[in-house]
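See below for the structure under consideration.
Numbering (UniProt numbering), first residue to last: 1 to 70.
And the structure:
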């Protein structure tokens, strides 16, 4: 398992949720329906916080250490 899989919770060789969404969009688009397109832009716009880079780095390292010790 690579680092990306560990973070995403996916196992090697398993498609992620994006693969299912892409397949659904492809089929729907071929039938002239565009209601299944992923429109995630702006979802996190209200979420950012002002945080010094050192604090962010420390939080990320701490979280990584917690997750890797499981």
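Ideal Cβ positions, reconstructed from N, Cα and C, are used throughout, including at glycine.
As the structure is a computational prediction, the values presented were derived from the model and not from experiment.
Looking at the unbroken alpha helix (DSSP H) that takes in residue i, where does it start and where does it end?
| i | result |
| --- | --- |
| residue 65 | 53-68 |
Can you tell me whether DSSP reads residue i as helix, strand or coil?
| i | result |
| --- | --- |
| residue 42 | coil |
| residue 33 | coil |
| residue 47 | coil |
| residue 18 | helix |
Please state if the CB of residue j and the CB of residue i are separated by a distance shorter than 8 Å.
| i | j | result |
| --- | --- | --- |
| residue 21 | residue 38 | yes |
| residue 30 | residue 36 | no |
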